[in-house]
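Visitor:
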Amino acid sequence: MEEIKKTRGGKREGAGRKPVGISTHAMALKLDNDLYVALSASSLNKNRYINEAVREKLAKDGLI
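Residue numbers for the sequence shown follow this note's numbering, so the first one is 924 and each next one is one higher.
If you want it as structure tokens, here you go:
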């Protein structure tokens, strides 16, 4: 007997979010109110700004 191929459910080739090329990790953080207000009021790319600030501090402390 020949098995019938199912057409519903399961993985689909090519489905899902495509990789962006760089690896990132999501992390939640809490900001003091004054920092939150300042970042929210600016037109900066918040993700890039925080990444650069953390990278600069880690380099200054000799951790990277």
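In this text, a Cβ means the ideal position worked out from N, Cα and C, and glycines have one as well.
Is it true that the CB of Lys969 sits closer than 7 Å to the CB of Leu962?
Guide: Numbered from its first residue, the sequence shown carries residue 962 at position 39. Numbered from its first residue, the sequence shown carries residue 969 at position 46. Contact flag set, yes.
Visitor: Report yes if the CB atom of Leu981 is closer than 7 Å to the CB atom of Ile973, and no otherwise.
Guide: Residue 981 sits at position 58 when you count from the first residue of the sequence shown. Residue 973 sits at position 50 when you count from the first residue of the sequence shown. Going by C-beta atoms, Leu981 is not nearer than 7 Å to Ile973.
Visitor: Using alpha carbons as the reference points, say which of Glu979, Arg971, Asp984, Gly985 lies closest to Thr947.
Guide: Position 24 of the sequence shown, counting from 1, holds the residue named residue 947. Considering only alpha carbons, the answer is Arg971.
Visitor: Alpha carbon to alpha carbon, how far is Lys929 from Gly944?
Guide: Stepping through the sequence shown from its first residue, residue 929 is reached at position 6. Stepping through the sequence shown from its first residue, residue 944 is reached at position 21. When rounded, the distance between both Cα atoms is 33 Å.
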